[in-house]
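Note sheet for the following structure.
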Amino acid sequence: MQLLNYIAGQWVPSRSGRTFRNLNPADTRDCVGEFPLSSAEDVALAVEAAAEAYRSWRLVPAPQRGEIVRRAGQLLRERKEELARAMVREMGKPLVEARGDVQEAIDTADYAASEGRRLFGYTTPSELPNKVNLSFRMPVGVCGIITAWNFPIAVPSWKIFPALVSGNTVVWKPSEDAPLCANLLAQILQEAGLPPGVFNVVHGDAEAGEALVRHPGVRLIAFTGSTAVGRRIATLCGELNKKCSLEMGGKNPLIVLPDADLDLALQGVLWGAFGTSGQRCTATSRLLLHRDIAEHFLERLCAATQQLRVGNGLEEGVNVGPIINARQLERIEHYVELGRRQGARLLVGGHRLTEGEYAHGYFFAPTIFADVTPEMTIFREEIFGPVLSVTLVDSLEHAIALANDSDYGLSSSIYTRDIVAAFRAIRDLEAGITYVNAPTIGAEAHMPFGGVKATGNGHREGGWTVFDIFTEWKTVYIDYSGRLQRAQIDVEQ
Ligand code: NAD
2 MQLLNYIAGQ WVPSRSGRTF RNLNPADTRD CVGEFPLSSA EDVALAVEAA
52 AEAYRSWRLV PAPQRGEIVR RAGQLLRERK EELARAMVRE MGKPLVEARG
102 DVQEAIDTAD YAASEGRRLF GYTTPSELPN KVNLSFRMPV GVCGIITAWN
152 FPIAVPSWKI FPALVSGNTV VWKPSEDAPL CANLLAQILQ EAGLPPGVFN
202 VVHGDAEAGE ALVRHPGVRL IAFTGSTAVG RRIATLCGEL NKKCSLEMGG
252 KNPLIVLPDA DLDLALQGVL WGAFGTSGQR CTATSRLLLH RDIAEHFLER
302 LCAATQQLRV GNGLEEGVNV GPIINARQLE RIEHYVELGR RQGARLLVGG
352 HRLTEGEYAH GYFFAPTIFA DVTPEMTIFR EEIFGPVLSV TLVDSLEHAI
402 ALANDSDYGL SSSIYTRDIV AAFRAIRDLE AGITYVNAPT IGAEAHMPFG
452 GVKATGNGHR EGGWTVFDIF TEWKTVYIDY SGRLQRAQID VEQ
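In this note's numbering, the protein residues as written are 2 to 494.
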């Protein structure tokens with residue numbers, strides 16, 4: 002199946018005619034489609050279309066822009082099952098999770114649409130008589146959006162819907178590992194009534210992504226992906242003086258204290274570590290387990306992990322889908338090998354699955370390492386696969402110190418019934434998100450989302466905070482005194 006870019010309301014191939022193939026990771030004999038491998042020329046066409054459309058889109062009243070996004074949410078609702086199945090086919094997560102991914106976009110559409118009737122600014126008193134001070138949120142201009150593959154509908158929607166409601170126009174470079182979902186979302190936005198050029202999709206890899214970052218007509222880059230690529234983008238944006246928001250990697254800790262509901266904690270670890278095959282920025286990758294409960298808890302955790310059903314995400318009962326591609330599978334193997342060599346103790350998994358139903362896909366057995374120390378690579382680096390590191394701790398303070406001994410700071414979790422311990426963890430964990438008695442995954446669309454340290458650069462998507470990314474403030478002073486009033490100078494003391 003040949004698929005196309007979406008530029009100025011038209012479906013078009015890349016100028017060069019180059020393409021790439023996208024394969025089903027559960028069965029690589031199934032080619033999902035052939036997509037344009039775009040270059041700077043294609044990006045330029047899309048940016049020109051977006052710049053032209055911006056001239057009128059910015060003047061459409063925000064509640065009307067919101068209505069179009071609301072319709073997109075309604076279409077997502079109607080096509081939820083179709084989208085979820087396409088998602089499983091191209092990136093592998095189990096169907097129930099794929100439905101959740103679409104649902105998150107529906108929730109985001111509802112929230113963003115309603116923000117069209119708020120976009121609150123501030124009015125303040127003036128320090129001078131007969132003068133009024135106001136402030137408005139203004140759109141930024143053409144926004145370049147670059148996204149990862151692991152939440153192919155949800156994560157783009159976090160950026161695209163608020164960007165559009167705020168009055169911006171968009172050029173989106175989706176991941177080369179989830180391009181079909183991007184085209185489905187573009188169809189939906191087209192059908193919802195967006196004028197041509199307001200939203201554009203340019204497929205491709207790093208070449209197209211970097212061309213988008215460099216294009217002088219793009220005023221803002223919103224990126225979700227790895228920390229390495231995010232740093233490169235931030236450097237370019239710094240040089241070019243562009244607004245830039247980054248959502249990057251994680252190495253998320255989950256603490257279990259002896260007083261916790263251990264059955265609940267066990268379920269949380271399983272879902273946090275192995276949901277989406279551990280390929281989530283918020284995946285639980287470090288279990289910090291209190292020594293007093295370690296032996297029994299680990300026994301049960303290993304037994305439960307071995308019960309997880311690995312397979313094609315479209316099949317009933319599958320808990321863990323495939324790994325996204327061959328490169329990532331090799332990366333996971335590399336980390337497992339490093340774990341072994343550096344002295345961690347492999348408890349379960351640690352190998353590819355290649356026989357029978359796994360023969361044509363990229364599958365890896367859910368894996369747990371014990372005796373992991375903070376010096377080990379598997380404690381420090383994001384693996385982005387179904388690999389959990391376990392480190393024993395002696396106290397809450399010890400657990401928090403180890404949790405914070407990381408370059409990253411996205412999500413974190415603590416299981417305890419002790420309210421004092423919970424509040425200490427909330428206060429002291431260096432992370433953008435802390436869950437109490439819930440795993441490290443489970444963000445809700447109406448709350449701020451993002452991380453500290455190497456995970457982000459100070460912005461938060463989700464809820465009301467995402468509008469700080471996609472708007473600029475305009476401050477307005479209206480003087481109706483009929484005379485020259487000089488702020489700071491003419492104030493009577
Ligand atoms: P990636 O960094 O390899 O790619 C992300 C996107 O950037 C892709 O669209 C890719 O084509 C593009 N890209 C690559 N090089 C580029 C360059 N030089 N210039 C411009 N664009 C470029 O990430 P991935 O493998 O797709 O996704 C996995 C990563 O994403 C993990 O690190 C994960 O933690 C992170 N992630 C973070 C969040 C979050 O919200 N914090 C959410 C999901 C995923």
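Here a beta-carbon is modelled for each residue, glycine too, at the ideal position from N, C-alpha and C.
| Query | Result |
| --- | --- |
| Would you kindly report the start and end of the unbroken alpha helix (DSSP H) that includes C144? | First-last for C144: 143-147, but that is the beta strand (DSSP E), not the alpha helix (DSSP H). |
| Consider the C-beta atom of M88 and the heavy atoms of ligand 1; say whether any pair is separated by less than 7 Å. | no |
| Give me the residue from A423, A446, S414, I420 with the minimum Cα distance to I434. | S414 |
| Taking 7 Å as the cut-off, is the C-beta of M249 nearer than that to any heavy atom in ligand 1? | yes |
| Leaving aside the five residues before and after A305 along the sequence, list all residues of the same chain whose C-beta is less than 8 Å from its C-beta, in chain order. | L267, L271 |
| Note down the Cα distance separating V321 from R16, rounded to an integer number of angstroms. | 39 Å |
| Inspect the beta-carbon positions of P196 and W58 and report whether they are closer than 8 Å. | yes |
| Alpha carbons only, please: which of I294, D264, L165 is nearest the one belonging to A54? | L165 |
| Go to N242, then tell me how far its beta strand (DSSP E) extends in each direction, as first and last residue. | Where N242 is concerned, there is no enclosing beta strand (DSSP E), given that its DSSP letter is neither H nor E. |
| Check T20 in the structure and name its three-state DSSP category. | strand |
| What I want to know is whether the C-beta of K132 ends up closer than 7 Å to one or more non-hydrogen atoms of ligand 1. | no |
| Contact defined as beta carbons within less than 8 Å: I believe S39 pairs with H204. What is the distance between those atoms, to the nearest angstrom? | 6 Å |
| Specify whether the segment 439-451 and the segment 393-401 touch according to this definition: at least 3 beta carbon pairs, one from each stretch, less than 8 Å apart. | no |
| Taking I401 as the reference, which of I384, P323, F424, V388 has the closest Cα? | F424 |
| Express the C-alpha separation of G117 and I470 in angstroms, rounding to a whole number. | 15 Å |
| Check whether the Cβ atoms of T417 and L389 sit closer than 8 Å, and answer yes or no. | no |
| By DSSP's criteria, C496 is part of a beta bridge. Which residues make up the other side? | Any answer about residue 496 is impossible in this case: the structure gives the chain only from 2 up to 494. |
| How is the alpha helix (DSSP H) around L348 delimited, first residue to last? | No alpha helix (DSSP H) contains L348, which is instead part of the beta strand (DSSP E) from 346-349. |
| Kindly indicate which three-state DSSP category E316 falls into: helix, strand or coil? | coil |
| Got a sec? Which residues, its chain only, sit under 6 Å from R497 by beta carbon, not counting five neighbours each side? | The structure shown does not extend to residue 497, since the chain spans only 2 to 494, so no value can be given for it. |
| Could you tell me which whole beta strand (DSSP E) segments of length 3 or greater appear in the segment 82-141? | 124-126, 132-140 |
| Return the chain-ordered list of same chain residues with a C-beta closer than 8 Å to the C-beta of N6, the five sequence neighbours on each side being excluded. | W12, V13, P14, S15, P37, S39, D43, A47, N201, V202, V203, H204 |
| Just grab the DSSP bridge partners of S390 for me. | R287, F370 |
| Tell me whether G74 is buried or exposed, calling it buried when 16 or more other Cβ atoms sit within 10 Å of its Cβ. | buried |
| Look at M88 and I147 and say whether their C-beta atoms are less than 8 Å apart. | no |
| Determine the closest residue to G314 out of K454, A295, E91, E68, with distance taken between C-alpha atoms. | E91 |
| Put L4 into one of helix, strand or coil per three-state DSSP. | coil |
| Grab me the residues of I107's own chain with a C-beta within less than 6 Å of its C-beta, minus the 5 sequence neighbours each way, in chain order. | G74, L77, R78 |
| Here's a check: name, in chain order, each residue in its chain whose Cβ is nearer than 6 Å to the Cβ of T466, leaving out the five neighbours to either side. | P449 |
| Taking the straight line between their C-alpha atoms, what separation do you get for H232 and L347? | Before going on, a small fix: residue 232 reads as Arg here, not His. Straight-line Cα distance between these residues: approximately 33 Å. |
| Assuming G251 and Y409 are in contact, meaning their beta carbons sit under 8 Å apart, how far apart are those beta carbons, in whole angstroms? | 5 Å |
| Cα-Cα, which of W173, C182, M2 is closest to R80? | C182 |
| Within a Cβ cutoff of 6 Å, which residues of the same chain sit near A9, ignoring the five residues on either side of it in sequence? | A50, P197, G198 |
| Could you please give the first and the last residue of the uninterrupted beta strand (DSSP E) stretch that includes K160? | Looking at the DSSP string, K160 is not in any beta strand (DSSP E); the run it does join, the alpha helix (DSSP H), is 155-166. |
| Mind checking whether L247 and F468 have CB atoms under 8 Å apart? | no |
| For M249, count neighbouring C-beta atoms within 10 Å of its own C-beta (all shown protein chains included) and say buried if the count is 16 or more, exposed if not. | buried |
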